[in-house]
Amino acid sequence: MISLIVNGERHKVDAAPHMPLLWVLRDLLGLGGTKYGCGQGLCGACTVLVDGEAMRACSIPVGDLNGRRVTTIQGLESPVGKAVQAAWVELDVAQCGYCQPGQIISAVALLRQKPKPSDADIDAAMDGNLCRCGTYQRIRAAIHLAARRLGGAS
Ligand code: FES
Ligand code: FES
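Residue numbers for the sequence shown, in this note's numbering: 484 to 637.
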């Protein structure tokens with residue numbers, strides 16, 4: 484059994500240590516908000532926070548995460564998480580929506596590290612999150628809006 488704290492709740496999961504975290508979240512814990520895209524760490528659709536750091540859930544064996552804290556799109560209750568989600572809604576960022584949970588998680592990780600990100604900071608931090616609908620301009624605007632709402636000046 485592997486012990487994880489997911490969205491603030493402790494879980495013991497009966498999974499092989501090499502099972503990717505993404506399958507644990509989606510198939511064992513029923514948390515379908517985190518999406519499967521490439522399965523190879525290349526698209527960012529599966530991004531979650533592990534102890535506050537943005538990581539690709541498709542590429543992390545769950546056995547490496549014993550005792551660690553995972554946050555998915557369904558558990559973003561922090562002020563930064565709420566501000567980012569509100570900005571996304573206000574600016575109507577999503578198109579098809581598939582990539583957006585990963586985009587939002589990466590944006591939260593960025594704003595925790597850099598409360599006033601520049602355009603270049605945003606582009607660098609979001610580089611690994613692909614959007615086939617091309618919502619990049621709205622993503623950038625929403626991150627600036629969330630930063631302003633949180634007291635940053637970007
Ligand atoms: S599904 Fe994980 S990076 Fe694409
Ligand atoms: S909104 Fe469709 S892939 Fe990003």
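Ideal Cβ placement from N, Cα and C applies to all residues, glycine included.
Under 8 Å, do A540 and L504 count as touching if we go by C-beta distance?
For A540 and L504, yes; Cβs fall inside 8 Å.
Please report how far the alpha carbon of R623 lies from the alpha carbon of Q557, in whole angstroms.
Between R623 and Q557, the C-alpha separation is close to 22 Å.
Spatial neighbours of R621 within its chain, please: CB distance less than 8 Å, with the 5 preceding and 5 following residues excluded, ordered by chain position.
Closer than 8 Å at the Cβ level, and outside the excluded window around R621, lie L574, D575 and V576.
Specify which residues have a beta carbon nearer than 6 Å to any heavy atom of ligand 2, listing them in chain order.
Going by the Cβ distance cut-off, the answer is A577, Q578, C579, G580, Y581, C582, Q583, C614, R615, C616 and T618.
Who are the Cβ neighbours of V507 in its own chain at under 6 Å, not counting the five residues just before and after it?
Closer than 6 Å at Cβ, skipping near neighbours: V496, A498 and V545.
Return the Cβ separation of V563 and L633 in integer angstroms, given the expectation that the two are a contact with Cβ distance under 8 Å.
The Cβ separation is near 6 Å, so the contact holds.
Kindly list the residues whose CB is nearer than 6 Å to the CB of C582, restricted to its own chain and excluding five residues on each side of it in sequence; keep chain order.
Contacts found: A528 and C614.
For K495, which residues does DSSP report across the bridge?
S486, per the DSSP bridge assignment.
So, for L511: in the same chain, excluding its five sequence neighbours on each side, which residues have a beta-carbon less than 7 Å away from its beta-carbon?
Cβ neighbours of L511 beyond the five flanking positions: V496 and A498.
For A636, which residues in the same chain have their Cβ closer than 7 Å to its Cβ, ignoring the five residues on either side in sequence?
Below a pLDDT of 50, predicted positions are generally treated as unreliable, and A636, at 45, falls in that range; no measurement from the model is reported.
Is there at least one non-hydrogen atom of ligand 3 closer than 7 Å to the beta-carbon of G516?
Absence of ligand 3 is noted for the structure shown, with ligand 1 and ligand 2 being the only ligands found.
Determine the contact status of L594 and A570, defining contact as a CB-CB distance below 8 Å.
Not in contact: L594 and A570 (Cβ atoms no closer than 8 Å).
How big is the Cα-Cα spacing for M484 and L548?
Approximately 12 Å, taken between the alpha carbons.
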